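Participant: For reference, the structure I am asking about is given below.
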Amino acid sequence: MSQPPPSAGRELANPPSDGISNLRFSNTSDHLLVSSWDKRVRLYDVSTNSLKGEFLHGGAVLDCCFHDDSSGFSVGSDNKVRRIVFNVGKEDVLGMHEKPVRCVEYSYAAGQVITGSWDKTVKCWDPRGASGPERTQVGTYLQPERVYSLSLVGNRLVVATAGRHVNIYDLRNMSQPEQRRESSLKYQTRCVRSYPNGTGYALSSVEGRVAMEFFDLSEAAQAKNYGTFATGGCDGFVNIWDGNNKKRLYQYSKYPSSIAALSFSRDGQLLAVASSYTFEEGEKSHEPEAIFVRNVNEIEVKPKPKAYPNPAA
Amino acid sequence: MAKDPILQVETTCGSLLYKNQIIWDEVGETETDRDKMLLELERECLEVYRRKVDKANRCRAQLRQAIADAEAELASICSAMGERPVHIRQSDQSVGSLKLELGKILPELEEMQKRKIERRNQFLLVLEEVENITNDIKGQGEHVLSKPPIDETDLSMRKLEELNCHLQALQKEKSDRVETIRKHLCTLYSHCSVLGMDFNEVVRQVNPTLTDPEGPRSLSDHTIDNLDAAVQKLREVKIQRMQKLQDLATTMLELWNLMDTPIEEQQEYQHITCNIAASEHEITQANSLSEDFIKYVEAEVVRLGEVKASKMKELVVKKRSELEEICRKTHMLPVSDSAMDQTIVAIESGIVDATLVLEHLEQHISKVKEEALSRKEILEKVEKWLSACDEESWLEEYNRDDNRYNAGRGAHLTLKRAEKARNLVNKLPVMVEALASKTIVWEREKGIEFLYDGIRLLSMLEEYNLLRQEREEEHRRQRDHKKLQGQLIAEQEALYGSKPSPSKPLGGKKAPRMSTGGTATNRRLSLGAGMHQTPKPNKKADQRQVQVDGALSTGRRGLDVAGLPSRKQSMNPCEQLQSPLVRKPFSPISTTVVASKANIATPQQLVPNSKSNAVNEISSFATPVKNNNIIKKLEEEKMMMMMQTPKNVASMIPIPSTPATISVPMQTAPTPLNNNNNARFLPEKAEVIEYSFEERRLAFMLQSESPIHV
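These protein sequence lines are chains A and B, in that order. Residue 310 in the UniProt record's numbering sits at position 310 of the first sequence; the count goes up by one each step and never skips. Residue 137 in the UniProt record's numbering sits at position 137 of the second sequence; the count goes up by one each step and never skips.
Structure (structure tokens):
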């Protein structure tokens, strides 16, 4: 069994027992929410390296996100959209799709839960209706193909589907997409993430490339500020990139398995890395799942204009 | 001169009393009242006195207490400091007043207190120092006591001395450790230098504090043990590598010796070989045992080994040809080529040790030489016999030549030759007989058959004898026939007149002669020509002749590429008429012939190395033109077939009986390009649905969970 180097970060205790589908830091504390193929959602307190809560679902959990420090949402292969309340340890079902639900996001701007599913729809839910008998589903929006990834920033929602389609919505008017696009990458879309400054989004494909796009096409002509971002691949490496100078700033030492998910903490000081086989080569024996939380040194993520050499990895 | 104050007071008291009396008198106090008042006065006065006295008493007591306290403290201090008290209070000793005593003792006490504090400070100093050094020795990160404990009850010089000794011991230990570490680091440095390792890295692994010469270093047992272990380990590595290098050097020397490597080449590695017997501590040169260096030396040894191997191979080949030469000269069958080729391949691939093979070859050669020696006499006789046979056949032809008595250029020479030949022929039977008996003796002695190019000499002689007999018979028959003819002619003449000269032979005569011609002509008979033999008695001869042809021709080894025997024989003129280029009717063309004709293309086959090959080759040589046509046809067929169905070529081409050197029919395999082409067509026909990793994973999970699939 390969040992991750000591600089890989702190390994969390009690990791999931099967593949990790996603992990997220909370916006308000150093809590980490982790969804896994072992049908469980786990909540960790990173500062004490302890497991704070565990929720068993009916099928593999494919995504999860925080609402606030007391609750979050999770979706999975049992087609259900759930809210989980951490301290109380209870959960409600907000609603269902017809096929497994692949992604979930919570929009603070709209106060709604957004889910994307392999039934080719994106649905919006009002979580306040969960406890009551009222319908929580606010809307359902048909996509050209199965939804693989989605991302929110401000009032914008970016949906990436199979067949390399990308739909961009304005949450205030979901009746039709603001923009319909096709991924500029040649291979299947793996993941889409919006820039925190809301000017665009990054798309990654199974080939291992990342494309940087902008919402406003005229903005593309202006000075582009890509900022710095992290990517994790099935090769087990996490790279930090300087988009503007188009350089790789840093590469962390190889992790034991594919990088299934990454999440920065709210202050950007910590990076959670899920080292977990993502089934890219089908069924095979693999390293056990592990979650590493590492400190992010400024030197690693500060943009480097071309004058300076890269630091030793 | 003042009045005594008490007297003064007393006077004042009296006067006051007197005044009082007067007042009382004036007031008119009664006697009892006056007595009462006076009594009260007395009593009050008494009280006052008493109080004063009490106070004085208390004061005295305090003083005493103070003295006692001071003395006690002093005693305690003195005992703590281990010094005798200066002042011992003795009850009988009268120092004077208490105050004086106190006054005396207090400064002493102060003095002692001061000294105690000083002493205590000394202790503190020493203890702190001890603490420091202990921490240094125990190593960084160990718990540091904030305040060293002092035993207040023992502040004596003796104890201080004790502590000082302890401190010195610790200081010594510390410096010892520093020294040990320094020595170890030196050794380590030396080892690292020799082994080509990074000293700083190695030291860092033992303990990071050791890498910084300026900063604080760990002196703990753990560190020293680790350091010691590291030194030992590196020493072992050094010894290992040194041994390895010495082994390599030894091998190098051996190889140099074996191959007589020139001195210039050896010079380069002198510095290694000179250390071949060195001991561990003698090797101090930097990087002389580094991994790279050892690899470098290893590579050279490997290279030398390869040179040796190739030289060995050369040697083997040389020896083999030597062996073959001897065999050839003495008409013994050599070792089969294929076996030797395999051996050479085996040597090249390292399976077989060339030295072993060489040994075998040497043994074989010496054996063969011995045998050759024993065969020498008989072989000489065989040569004589064979040349006699040649002359015999020449003579036969000569005899048939009707023009032989014509005077022409060189006629006298031929006449001479014919005479000699006749003599020789006469001696032939004796020669053969002698040869045969000698051979039998030889065979009996050796216990093996005497083989001439693979055939038993005695059989050859026997065959020859048989042939001779037949020839004799033939001649007799011819003579008889001639006689008969002569008689007939004479009768005819007698009957009808003169007839053509009997010297002109009938065409028919040639035929039988032809067929029973000398051994030389027999040798050249093709299968087809052989079939042209006349009736029954000859038929038997044919078969034998064919065999004999084979035997004799292999024996002679005289056939060269052109198909002519090496000993010049003039072609029988009649034989020429039968053009060997024309296929005789009724002569079979077997597939073997066809196939072997195909072999012509390959030069290897032309050297006969087995009987069967020889037969085939004779036949193939006999009809060369035909061969070309057939070969061409075959090749064409091959090409056509290959273009149509590449896989089936192998089955179409007839498999030759000889080890085929026909080019193996091209086994074509479909190239990947083909597959891609096929694949490219697929999407047009069927939809390809993409799936994400998660979808696939889910499908797999459900499949393995489903009870249906076992």
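From the three backbone atoms N, C-alpha and C, an ideal C-beta is built for every residue, glycine too. Keep in mind it's a predicted model, so treat the numbers as computed, not measured.
Which same chain residues, not among the five before or five after A/Leu-150, have their C-beta less than 8 Å away from its C-beta?
Facilitator: For this step, residue 150 of chain A is matched to residue 150 along the first sequence. Excluding residues within five positions, the ones whose Cβ falls inside 8 Å are Cys-103, Glu-105, Ile-114, Gly-116, Val-122, Leu-157, Val-158, Val-159, Ala-160, Val-192.
Participant: According to a CB-to-CB cut-off of less than 9 Å, which residues of the region 685 to 702 of chain B neighbour chain A?
Facilitator: Going along the region 685 to 702 of chain B in chain order, one finds Ile-689, Glu-690, Tyr-691, Ser-692, Phe-693, Glu-694, Glu-695, Arg-696, Arg-697, Leu-698, Phe-700, Met-701, Leu-702 with a Cβ nearer than 9 Å to chain A.
Participant: Give the residues from the region 179 to 205 of chain A that approach chain B closer than 7 Å (Cβ to any Cβ), ordered along the chain.
Facilitator: Contact annotation: in the region 179 to 205 of chain A, residues whose CB is within less than 7 Å of a CB in chain B are Gln-188.
Participant: Assuming A/Ile-125 and A/Val-81 are in contact, meaning their beta carbons sit under 8 Å apart, how far apart are those beta carbons, in whole angstroms?
Facilitator: On the first sequence, residue 125 of chain A is found 125 positions in, with the first residue counted as 1. On the first sequence, residue 81 of chain A is found 81 positions in, with the first residue counted as 1. The sequence shown places Trp at residue 125 of chain A, rather than the Ile named in the question. So it is a contact: roughly 6 Å between Cβ atoms.
Participant: Whole angstroms are fine: how far does the CA of B/Glu-300 sit from the CA of B/Met-197?
Facilitator: Residue numbering aside, residue 197 of chain B sits at position 197 when the second sequence is read from its first letter. Residue numbering aside, residue 300 of chain B sits at position 300 when the second sequence is read from its first letter. The straight-line gap from Cα to Cα measures roughly 23 Å.
Participant: Does the Cβ-Cβ distance between A/Arg-164 and A/Ser-183 come in under 8 Å?
Facilitator: Here the question's residue 164 of chain A lines up with position 164 in the first sequence. Here the question's residue 183 of chain A lines up with position 183 in the first sequence. Contact: yes.
Participant: When you compare only the Cα positions, how much space is there between B/Leu-457 and B/Asn-257?
Facilitator: Counting from 1 along the second sequence, the entry for residue 457 of chain B is found at position 457. Counting from 1 along the second sequence, the entry for residue 257 of chain B is found at position 257. Answer to the nearest angstrom: the Cα atoms are 48 Å apart.
Participant: Whether or not the region 381 to 401 of chain B and the region 431 to 438 of chain B are in contact is what I'm after, with contact meaning three or more pairs of Cβ atoms, one per stretch, closer than 8 Å; do they touch?
Facilitator: yes
Participant: What first and last residue would you give for the beta strand (DSSP E) that runs through A/Tyr-141?
Facilitator: Position 141 of the first sequence, counted from the start, is the residue given in the question as residue 141 of chain A. Run containing A/Tyr-141: 137 to 142, per the beta strand (DSSP E) assignment.
Participant: State the Cα-Cα distance for the pair B/Lys-116 and B/Met-81, rounded to the nearest angstrom.
Facilitator: Position 116 of the second sequence, counted from the first residue, corresponds to residue 116 of chain B. Position 81 of the second sequence, counted from the first residue, corresponds to residue 81 of chain B. The alpha-carbon atoms of B/Lys-116 and B/Met-81 are separated by roughly 7 Å.
Participant: Where do the ends of the beta strand (DSSP E) carrying B/Lys-446 lie?
Facilitator: On the second sequence, position 446 is the one that residue 446 of chain B refers to. B/Lys-446: not part of any beta strand (DSSP E); member of the alpha helix (DSSP H) spanning 411 to 446, first to last residue.
Participant: A/Leu-203: which of A/Asp-216, A/Thr-231, A/Ser-71, A/Gly-227 sits nearest, CA to CA?
Facilitator: Start at 1 with the first residue of the first sequence, and residue 203 of chain A comes out as number 203. Nearest of A/Asp-216, A/Thr-231, A/Ser-71, A/Gly-227 to A/Leu-203, Cα basis: A/Thr-231.
Participant: Answer with buried or exposed for B/Glu-440, where buried requires no fewer than 16 other C-beta atoms within 10 angstroms of its C-beta.
Facilitator: Here residue 440 of chain B corresponds to residue number 440 of the second sequence, with the count starting at 1. Here residue 440 of chain B is Ile; the residue named in the question, Glu, does not match the sequence. Label assigned to B/Ile-440: exposed.
Participant: Name, going along the chain, the residues of the region 92 to 126 of chain A whose beta-carbon falls closer than 8 Å to a beta-carbon of chain B.
Facilitator: Pro-100, Arg-102, Trp-118
Participant: Using 8 Å as the cut-off, can you tell me whether the region 241 to 250 of chain B makes contact with the region 284 to 298 of chain B, which would need three or more C-beta pairs spanning the two stretches below that distance?
Facilitator: yes
Participant: From the DSSP output, in three-state form, read off B/Cys-274 for me.
Facilitator: Position 274 of the second sequence holds residue 274 of chain B. The answer is coil: DSSP assigns B/Cys-274 none of H, G, I, E or B.
Participant: Check each residue of the region 231 to 259 of chain A: if its Cβ is closer than 7 Å to any Cβ of chain B, include it; give the result in chain order.
Facilitator: none
Participant: For B/Leu-74 and B/Thr-180, I'd like the C-alpha separation in whole angstroms.
Facilitator: Here residue 74 of chain B refers to the residue found at position 74 when the second sequence is read from its first residue. Here residue 180 of chain B refers to the residue found at position 180 when the second sequence is read from its first residue. Inter-residue distance for B/Leu-74 and B/Thr-180 is about 49 Å (C-alpha atoms, whole angstroms).
Participant: Let me check one thing: in DSSP terms, what residues is A/Met-212 bridge-paired to?
Facilitator: The residue given as residue 212 of chain A occupies position 212 in the first sequence. Per DSSP, A/Ala-202.
Participant: Closer than 7 Å by C-beta to B/Asn-465: which residues in its own chain qualify, once you throw out the five before and the five after it? Chain order, please.
Facilitator: Looking up residue 465 of chain B in the second sequence gives position 465. For B/Asn-465, where only same-chain residues beyond five positions count, the Cβ hits under 7 Å are Val-432.
Participant: Nearest-angstrom Cα distance between B/Asp-480 and B/Asn-399?
Facilitator: One-based indexing of the second sequence puts residue 480 of chain B at position 480. One-based indexing of the second sequence puts residue 399 of chain B at position 399. Going from the Cα of B/Asp-480 to the Cα of B/Asn-399 covers about 17 Å.
Participant: Looking only at its own chain, which residues have a Cβ that is under 7 Å from the Cβ of A/Lys-99, when we skip the five neighbours before and after it?
Facilitator: Numbered from 1 along the first sequence, position 99 holds the residue referred to as residue 99 of chain A. The answer, listed in chain order, is Asn-79, Ser-117, Trp-118, Asp-119.
Participant: What is the residue span of the alpha helix (DSSP H) that B/Ile-263 lies within?
Facilitator: Locating residue 263 of chain B in the second sequence gives position 263, counting from the first residue. Taken as a continuous stretch (DSSP letters only), the alpha helix (DSSP H) holding B/Ile-263 covers 263 to 267.
Participant: Name the one or two DSSP bridge partners that B/Leu-258 has.
Facilitator: Counting from 1 along the second sequence, the entry for residue 258 of chain B is found at position 258. In DSSP, B/Leu-258 forms no bridge with anything.
Participant: Say whether chain B places a C-beta atom closer than 8 Å to the C-beta of A/Ile-20.
Facilitator: Within the first sequence, the letter at position 20 stands for residue 20 of chain A. No, because no Cβ of chain B sits closer than 8 Å to the Cβ of A/Ile-20.
Participant: Can you give the beta carbon distance from A/Glu-213 to A/Tyr-187, rounded, assuming they're within the 8 Å contact cut?
Facilitator: Here residue 213 of chain A refers to the residue found at position 213 when the first sequence is read from its first residue. Here residue 187 of chain A refers to the residue found at position 187 when the first sequence is read from its first residue. No, A/Glu-213 and A/Tyr-187 are not in contact; Cβ-Cβ is about 16 Å, not under 8 Å.
Participant: Kindly indicate which residue of A/Arg-180, A/Arg-128, A/Thr-189, A/Pro-177 has the alpha-carbon position closest to the one of A/Tyr-148.
Facilitator: Here residue 148 of chain A refers to the residue found at position 148 when the first sequence is read from its first residue. For A/Tyr-148, the nearest C-alpha among the options comes from A/Thr-189.
Participant: CA-CA distance, B/Ala-372 and B/Ile-326?
Facilitator: As a first step, residue 372 of chain B must be located in the second sequence, where it is residue number 372. As a first step, residue 326 of chain B must be located in the second sequence, where it is residue number 326. The straight-line gap from Cα to Cα measures roughly 8 Å.
Participant: For residue 345 of chain A, tell me which candidate among A/Ser-35, A/Lys-246, A/Ser-275 has the shortest Cα-Cα distance.
Facilitator: No information on residue 345 of chain A is available, as it lies outside the stretch 1 to 313 that chain A covers here.
Participant: B/Arg-119 to B/Asp-136, Cα distance in whole Å?
Facilitator: Position 119 of the second sequence, counted from the start, is the residue given in the question as residue 119 of chain B. Position 136 of the second sequence, counted from the start, is the residue given in the question as residue 136 of chain B. Roughly 26 Å between the two C-alpha positions.
Participant: Please list the partners that A/Leu-43 has in chain B, where partner means a Cβ-to-Cβ separation under 9 Å.
Facilitator: Counting from 1 along the first sequence, the entry for residue 43 of chain A is found at position 43. Those do not exist, as A/Leu-43 stays about 22 Å from chain B at its closest Cβ, beyond 9 Å.
Participant: Nearest chain B C-beta to A/Glu-287 closer than 8 Å, yes or no?
Facilitator: One-based indexing of the first sequence puts residue 287 of chain A at position 287. Residue contact with chain B for A/Glu-287: absent (no Cβ-Cβ distance below 8 Å to any residue of chain B).
Participant: Does the beta carbon of A/Glu-280 come closer than 8 Å to any beta carbon on chain B?
Facilitator: Taking the first residue of the first sequence as position 1, residue 280 of chain A is located at position 280. So, interface residue.
Participant: Taking A/Phe-215 as the reference, which of A/Ile-168, A/Ser-265, A/Lys-247 has the closest Cα?
Facilitator: Position 215 of the first sequence, counted from the start, is the residue given in the question as residue 215 of chain A. A/Phe-215 has its Cα closest to that of A/Ile-168, out of A/Ile-168, A/Ser-265, A/Lys-247.
Participant: Ignore the nearest five residues each way along the sequence and tell me which others in B/Val-203's own chain have a CB closer than 6 Å to its CB.
Facilitator: The count along the second sequence starts at 1 and reaches residue 203 of chain B at position 203. So the list reads Leu-210, Thr-211, once near-sequence residues are dropped.
Participant: For A/Glu-283, would you say it is in contact with chain B, using Cβ-to-Cβ distances shorter than 8 Å as the test?
Facilitator: For the purposes of this step, residue 283 of chain A is taken as the residue at position 283 of the first sequence. Chain B, which has a Cβ nearer than 8 Å to the Cβ of A/Glu-283, makes this yes.
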